[in-house]
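With positions in the sequence shown counted from 1, the corresponding number in my numbering is that position plus 2.
From the three backbone atoms N, C-alpha and C, an ideal C-beta is built for every residue, glycine too.
Worksheet: the structure to be examined is printed underneath.
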Amino acid sequence: MKIFFTCLLVVSTLFPFASYADEGMWLPILLNKNEADMQKKGLKISAEDIYSINHSSLKDAVLMFGGGCTAELVSDQGLLFTNHHCGYGQIQSHSSLEHDYLTHGFWAKNIGDELACPDLTVSLLIRMEEVSAQILSGITPQFSIQQKNDTIQARIQRVVNAAEEGNHYKASVRPFFYGNQYYLFLHEVFTDVRLVGAPPSNIGKFGGDTDNWMWPRHTGDFSIFRIYVDSQNNPAPYHISNRPYTPKKYLQISLDGVEENDFTFVFGYPGRTQEYISSYAVKFLSQIENPLRIEARTKRLDLIKSASNQDPLIRIQYAAKSAQIANAWKKWTGESKGIERLNVIQNKEEFEAKFQAWTQTNPQAAAYQDLLPALKHLYIQMAPYATMNAQFQENILAPEIVSFAYKFQNLISQSKNKDSNVLNTLDKLKQIAQVYFKNYNPSLDKSIFEKLSIIEDSVGKEPLRLIDFPDKDYVKHLDKIYNTSIFADAHRCMAFLENYKIADYKKIEKDLAYQYAQIVFSQYFQQTRPTLLLYQMQIDSLQSLYMRAQMEMQTEKTFYPDANFSLRVAYGKVEGFKPANAIVYEPYTTLDGIIEKENPGIYDYVVEDKLKSLYKNKDFGIYANKNGQMPVAFIASNHTTGGNSGSPVLNAKGELVGINFDRNWEGTMSDIVYDPLFCRNISLDIRYCLFIVDKFAGAQRLIDELLGNKQK
Ligand code: ARG
Ligand code: GLU
Numbered sequence: 003m004k005i006f007f008t009c010l011l012v013v014s015t016l017f018p019f020a021s022y023a024d025e026g027m028w029l030p031i032l033l034n035k036n037e038a039d040m041q042k043k044g045l046k047i048s049a050e051d052i053y054s055i056n057h058s059s060l061k062d063a064v065l066m067f068g069g070g071c072t073a074e075l076v077s078d079q080g081l082l083f084t085n086h087h088c089g090y091g092q093i094q095s096h097s098s099l100e101h102d103y104l105t106h107g108f109w110a111k112n113i114g115d116e117l118a119c120p121d122l123t124v125s126l127l128i129r130m131e132e133v134s135a136q137i138l139s140g141i142t143p144q145f146s147i148q149q150k151n152d153t154i155q156a157r158i159q160r161v162v163n164a165a166e167e168g169n170h171y172k173a174s175v176r177p178f179f180y181g182n183q184y185y186l187f188l189h190e191v192f193t194d195v196r197l198v199g200a201p202p203s204n205i206g207k208f209g210g211d212t213d214n215w216m217w218p219r220h221t222g223d224f225s226i227f228r229i230y231v232d233s234q235n236n237p238a239p240y241h242i243s244n245r246p247y248t249p250k251k252y253l254q255i256s257l258d259g260v261e262e263n264d265f266t267f268v269f270g271y272p273g274r275t276q277e278y279i280s281s282y283a284v285k286f287l288s289q290i291e292n293p294l295r296i297e298a299r300t301k302r303l304d305l306i307k308s309a310s311n312q313d314p315l316i317r318i319q320y321a322a323k324s325a326q327i328a329n330a331w332k333k334w335t336g337e338s339k340g341i342e343r344l345n346v347i348q349n350k351e352e353f354e355a356k357f358q359a360w361t362q363t364n365p366q367a368a369a370y371q372d373l374l375p376a377l378k379h380l381y382i383q384m385a386p387y388a389t390m391n392a393q394f395q396e397n398i399l400a401p402e403i404v405s406f407a408y409k410f411q412n413l414i415s416q417s418k419n420k421d422s423n424v425l426n427t428l429d430k431l432k433q434i435a436q437v438y439f440k441n442y443n444p445s446l447d448k449s450i451f452e453k454l455s456i457i458e459d460s461v462g463k464e465p466l467r468l469i470d471f472p473d474k475d476y477v478k479h480l481d482k483i484y485n486t487s488i489f490a491d492a493h494r495c496m497a498f499l500e501n502y503k504i505a506d507y508k509k510i511e512k513d514l515a516y517q518y519a520q521i522v523f524s525q526y527f528q529q530t531r532p533t534l535l536l537y538q539m540q541i542d543s544l545q546s547l548y549m550r551a552q553m554e555m556q557t558e559k560t561f562y563p564d565a566n567f568s569l570r571v572a573y574g575k576v577e578g579f580k581p582a583n584a585i586v587y588e589p590y591t592t593l594d595g596i597i598e599k600e601n602p603g604i605y606d607y608v609v610e611d612k613l614k615s616l617y618k619n620k621d622f623g624i625y626a627n628k629n630g631q632m633p634v635a636f637i638a639s640n641h642t643t644g645g646n647s648g649s650p651v652l653n654a655k656g657e658l659v660g661i662n663f664d665r666n667w668e669g670t671m672s673d674i675v676y677d678p679l680f681c682r683n684i685s686l687d688i689r690y691c692l693f694i695v696d697k698f699a700g701a702q703r704l705i706d707e708l709l710g711n712k713q714k
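Printed below as a string of structure tokens:
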């Protein structure tokens, strides 16, 4: 494989950024390259107003929320907006049957009522900087993949250590363009974040999983948090004496709304796109992996749904879990369809033929001649292991008892070694068990086990079914597991942990659920994963070269780096689309649509009386549009992906007009191929958000904080 490394250089200087279409997720530090184009399309501010290291800029108001969403600062007292679905886990963790904030919403009356969220952090970018030279210089074609990776890892560690010295920031270095460039990021991580407000689910999740990923949309998908800091305005763990954060910058809210064709941009943390992969990768994804994951999740969701319909406690317990399962499930379905509709595989194959011809006719590209055949071969070799990996995640780990039981492995080995950490581990396990059982129903878990855990073997080795079940009677054995295992019953488990003696590890070893977990995990960790990683490493190495080669071949094309959870700017305009023959989608929805969709018999379409009476009385306050309607959501051609949830959607002046929360289903293949005719991001209109806070919830203290003297 060494021949492929012949021309490894730092490419950033060779390939300038520029922008032509609505496609693209741009690095804010390089936005001066997009500035002219953005201004031509309507932007009224400068690139420096969006990202600056010299003075405060919009970037000081945009944060990564938890591990996978975006949030924005909207007041001088550290108030944050994000999506309801991003705050969902936090809202749920404060909810119980008595205080069901998920169902009824939550509005902290006073600042003292704001609820601590101990496991939530938000991160603010201090600065970013290209470090490609430091990471890549001197790496020659003679390096093996392993040597190269080890060198890069060691250098990353050095850069990170140096960047973190003498400050409280968290540094990270991320690869761009598949490791052809590297950037350093310095974030300030806030550890005291509190829940301030959330609408009831029939607003925040209106339309539920039925409307998810769809336009037209009527979901009030927002929640409100606040950052707290110590007396020096620095991040600190939760403490009663902490005070609201004073930000360098917070977003101005515009109540003017946006019209069709208006310029908008989205500023946030997109997670993962793969715009430059090969046809082999797309084929595997759309023909093998997506269908497999979709099928497993369809079964799991059906089981959860019918149990939830019968038992309101299960509905609460499994609400966040099933929303999460359903979300990716539906996205993959749309993605596969989009890939098919756009002939992505065929188009990529045509491009690959051209690429191959280019390597054969251009002496300087000769080193790439074997690249695609080698990549193709690797995908064939990797496929069975990637399949098993997906089956492990989607089928084997579908019953939660398996991963939960496996968490006790440490306790066994520590007990055997009479390790002094046993007490510590016991404490941790007690906490884990408490959280686990709060949202767990053993009989539902058992039916998931039953329906999902027999799968076909894909490598010709032992099938991953319920191995060594003594009586071969699957259902009977499952009964035995769930009737006896300490991992299936809160009382048994807590009593076991409370009275634990060092010799009790033998009881865990004899536990049937633990035994099963032991078998499937060791099979996974010893066979599936190591082989998969080996192929993956080789594929990554070739993909890195393929990326570089594509850039060398298409000198006239504009390349933006794939999303990788780093801060990006996407821009476009408010516009509708045509999803199918004879159908035209307008770019706006209003409260009228909520009333139209209302159906008291269907959980996802229940409308609260209060909202209905506000509608009937047209009591929209200062939030109505010029036609006197209450706007709810809008779509625009900003290129976004998962992680952009909660991202601020800004107008030409850089004012907050919406909160991004979704994409349209017909456009979800934009993670692989962007199509300007079909791809739209879906945003909550900020006026609906404020209308709910103000007119629906009556949270005047928040409106005062958010709008100050903008209130009429
Ligand atoms: N599809 C959006 C995203 O990918 C929203 C997900 C949450 N909503 C839901 N109904 N499950 O995150
Ligand atoms: N809802 C997604 C998120 O959580 C955003 C939708 C998308 O994938 O674009 O980030």
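Among the options, whose alpha-carbon lies nearest the alpha-carbon of residue i?
{"i": "L75", "options": "P120, I47, I113, Y252", "result": "Y252"}
{"i": "V226", "options": "K697, L692, Y438", "result": "Rather than Val, the amino acid found at residue 226 in this sequence is Ile. Considering only alpha carbons, the answer is L692."}
{"i": "N419", "options": "L454, A505, G273, N349", "result": "A505"}
{"i": "S615", "options": "I694, D264, A565, V64", "result": "I694"}
{"i": "Q234", "options": "N244, N204, F527", "result": "N244"}
{"i": "F523", "options": "Q393, S568, Y562, Y476", "result": "Q393"}
{"i": "M549", "options": "Y278, H96, G700, E37", "result": "Y278"}
{"i": "F83", "options": "K655, S649, P602", "result": "S649"}
{"i": "G1", "options": "R703, D687, F698, K697", "result": "The structure shown does not extend to residue 1, since the chain is modelled only from 3 through 714, so no value can be given for it."}
{"i": "F267", "options": "W28, S125, L547", "result": "W28"}
{"i": "K61", "options": "M539, G89, I31", "result": "I31"}
{"i": "Q136", "options": "L126, I154, I483, Q144", "result": "I154"}
{"i": "Y180", "options": "I541, G700, T530", "result": "I541"}
{"i": "K783", "options": "E37, I47, A38", "result": "Limits of the chain in this structure are 3 at one end and 714 at the other, which puts residue 783 out of reach."}
{"i": "S716", "options": "P177, V161, I316", "result": "Residue coverage of the chain in this structure runs from 3 to 714, which leaves residue 716 outside it and unanswerable."}
{"i": "F178", "options": "M130, E396, T193, A164", "result": "M130"}
{"i": "I637", "options": "D611, I624, L294, D664", "result": "D664"}
{"i": "F570", "options": "V651, G710, A298", "result": "Before going further, note that residue 570 is Arg rather than Phe in the sequence given. Considering only alpha carbons, the answer is V651."}
{"i": "G489", "options": "G574, E511, W331", "result": "Looking at the sequence shown, residue 489 is not Gly but Phe. Answer by Cα proximity: E511."}
My assumption, with CB atoms under 8 angstroms, is that residue i sits in contact with residue j. Please give the rounded CB distance.
{"i": "G222", "j": "W109", "result": "With 8 angstroms as the limit, G222 and W109 do not qualify as a contact, their Cβ atoms being about 14 angstroms apart."}
{"i": "Q254", "j": "E657", "result": "5 angstroms"}
{"i": "M715", "j": "N662", "result": "Nothing can be reported for residue 715, as the shown portion of the chain is limited to 3 through 714."}
{"i": "F187", "j": "S174", "result": "5 angstroms"}
{"i": "N85", "j": "V576", "result": "That pair is no contact at about 19 angstroms."}
{"i": "Y516", "j": "F410", "result": "6 angstroms"}
{"i": "C71", "j": "S685", "result": "That pair is no contact at about 14 angstroms."}
{"i": "D78", "j": "P249", "result": "7 angstroms"}
{"i": "L104", "j": "S97", "result": "5 angstroms"}
What first and last residue would you give for the beta strand (DSSP E) that runs through residue i?
{"i": "F636", "result": "633-638"}
{"i": "F227", "result": "225-231"}
{"i": "N683", "result": "683-687"}
{"i": "G270", "result": "265-270"}
{"i": "V651", "result": "650-652"}
{"i": "E132", "result": "124-132"}
{"i": "E74", "result": "71-75"}
Starting from residue i and walking both ways along the alpha helix (DSSP H), at which residues does that stretch end?
{"i": "I504", "result": "Premise fails: I504 is in no alpha helix (DSSP H) and is neither H nor E."}
{"i": "Q183", "result": "No alpha helix (DSSP H) holds Q183; the beta strand (DSSP E) holding it covers 183-192."}
{"i": "V609", "result": "Run containing V609: none; DSSP gives neither H nor E here."}
{"i": "L29", "result": "Where L29 is concerned, there is no enclosing alpha helix (DSSP H), given that its DSSP letter is neither H nor E."}
{"i": "S445", "result": "444-454"}
{"i": "R665", "result": "First-last for R665: 658-665, but that is the beta strand (DSSP E), not the alpha helix (DSSP H)."}
{"i": "R550", "result": "531-555"}
Would you say residue i faces chain D, with C-beta separation under 8 angstroms as the test?
{"i": "K430", "result": "Judged by its chain identifiers, the structure shown contains no chain D, having just a single protein chain."}
(request) Could you say if the region 627-646 and the region 581-591 meet the contact criterion of at least three C-beta pairs nearer than 8 angstroms? (result) yes
(request) Could you say if the region 371-385 and the region 699-714 meet the contact criterion of at least three C-beta pairs nearer than 8 angstroms? (result) no
(message) Contact between the region 638-648 and the region 268-283 is defined here as three or more beta-carbon pairs at a separation below 8 angstroms; is this criterion met?
(response) yes
(request) Evaluate contact between the region 309-323 and the region 429-446, counting only Cβ atoms and requiring at least three cross-stretch pairs below 8 angstroms. (result) yes
(request) Please confirm if the region 668-678 is in contact with the region 342-351, defined as three or more CB-CB distances below 8 angstroms between the two stretches. (result) yes
(message) If contact is defined by three or more beta carbon pairs under 8 angstroms, each pair taking one atom from either stretch, is the region 324-331 in contact with the region 291-305?
(response) Segment contact: the region 291-305 against the region 324-331, three or more CB-CB distances shorter than 8 angstroms; contact assigned.
(message) Under 8 angstroms: do the region 426-437 and the region 496-515 share three or more Cβ pairs, one atom per stretch?
(response) yes
(request) Say whether the region 166-173 touches the region 528-543, bearing in mind that this needs 3 or more beta-carbon pairs closer than 8 angstroms, one atom from each stretch. (result) no
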